[in-house]
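Trainee:
Residue numbers (this note's numbering): 1 to 220.
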């Protein structure tokens, strides 16, 4: 009986151990052997999994994704195999800030939203999008940066000007703008009511009510 019971337990223990190892988080480490401090990731038992090759890191741990600065690729999101899984939107010369659990990423010059696990929650489809606030993010399709002097980036470049420390807004030839929630539902108009409840107009001109998290709670 005991031997048979042991044979039953062994596969279960092996499966649990394998799952635990798979979900194990790596920790960041630094190495200055090259003369420059570089960063990589290793297991809690100090087994190096990703060699120190990154100039900087935004993530102290690598569970599913870490944001790192590569000398050739710039800021990138990598998985536990060291493969690139996304490219964060660059804001203030660094990777985008996390707002309400999501940050912006770019793909083929479009902007989307991902979480800290590297999952792309809202696919890259916008020319520009603001961070999430109260469950909604403002988005734009079409258009370009228009700086405080009223000129676009291309105009400033043609004139030999500098874009350093110049503030801008999104403008120009915008073909669609509105708001999107974390479920991917889009609204073209938002009206604040009371206690965080908002009335919204969908792209199909339907009226709905949104809660504090930007989710639809009533349809008219």
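Every residue gets a Cβ at the ideal spot worked out from N, C-alpha and C, and that includes glycine.
Suppose you measure from the CA of residue 190 to the CA of residue 209; what does that come to, to the nearest Å?
Mentor: Within the chain shown, residue 190 is the residue found at index 190, counting from 1. Within the chain shown, residue 209 is the residue found at index 209, counting from 1. Cα-Cα distance, rounded: 10 angstroms.
Trainee: CB-CB under 8 angstroms to residue 167, same chain, minus the five flanking residues each way: which ones, in chain order?
Mentor: Stepping through the chain shown from its first residue, residue 167 is reached at position 167. Contacts found: 147, 148.
Trainee: Kindly indicate the opening and closing residues of the alpha helix (DSSP H) around residue 130.
Mentor: Position 130 of the chain shown, counted from the start, is the residue given in the question as residue 130. Counting along the chain, residue 130 falls outside any alpha helix (DSSP H), and DSSP gives it neither H nor E.
Trainee: Could you check the C-alpha separation between residue 202 and residue 216 for me, to the nearest Å?
Mentor: To locate residue 202, count along the chain shown from 1; it is residue 202. To locate residue 216, count along the chain shown from 1; it is residue 216. Each residue's CA atom was taken as its position, placing residue 202 and residue 216 some 11 angstroms apart.
Trainee: For the beta strand (DSSP E) that contains residue 156, what are its first and last residues?
Mentor: Here residue 156 refers to the residue found at position 156 when the chain shown is read from its first residue. Here residue 156 belongs to no beta strand (DSSP E); instead the alpha helix (DSSP H) covers 153–158.
Trainee: Cβ of residue 137 within 8 angstroms of Cβ of residue 145?
Mentor: Reading the chain shown from its first residue, position 137 is the one you call residue 137. Reading the chain shown from its first residue, position 145 is the one you call residue 145. No, Cβ-Cβ distance for residue 137 and residue 145 is not below 8 angstroms.
Trainee: For residue 180, which of helix, strand or coil comes out of DSSP?
Mentor: In the chain shown, the residue the question calls residue 180 occupies position 180. Residue 180: strand per DSSP, three-state reduction.
Trainee: Three or more C-beta pairs closer than 8 angstroms, one from the region 86–102 and one from the region 61–76: is that the case here?
Mentor: Pairwise C-beta distances place the region 86–102 in contact with the region 61–76, as three or more of them are shorter than 8 angstroms.
Trainee: Whole angstroms are fine: how far does the CA of residue 197 sit from the CA of residue 127?
Mentor: Stepping through the chain shown from its first residue, residue 127 is reached at position 127. Stepping through the chain shown from its first residue, residue 197 is reached at position 197. Each residue's Cα considered, the two are about 28 angstroms apart.
Trainee: In this structure, does DSSP put residue 28 in helix, strand or coil?
Mentor: Here the question's residue 28 lines up with position 28 in the chain shown. If DSSP states are grouped into helix, strand and coil, residue 28 belongs with the strands.
Trainee: Skipping 5 residues on each side, what residues in its chain have a beta carbon closer than 8 angstroms to that of residue 110?
Mentor: Here residue 110 refers to the residue found at position 110 when the chain shown is read from its first residue. Non-local beta-carbon contacts of residue 110 in its own chain, meaning distances under 8 angstroms to residues more than five positions away in sequence, involve 124, 125, 126, 127 in chain order.
Trainee: Which of helix, strand or coil does DSSP assign to residue 207?
Mentor: By 1-based counting over the chain shown, the position of residue 207 is 207. It is a strand residue.
Trainee: Mark residue 57 as exposed unless 16 or more other C-beta atoms lie within 10 angstroms of its C-beta, in which case mark it buried.
Mentor: Residue 57 sits at position 57 when you count from the first residue of the chain shown. With 16 or more other Cβ atoms within 10 Å, it is buried.
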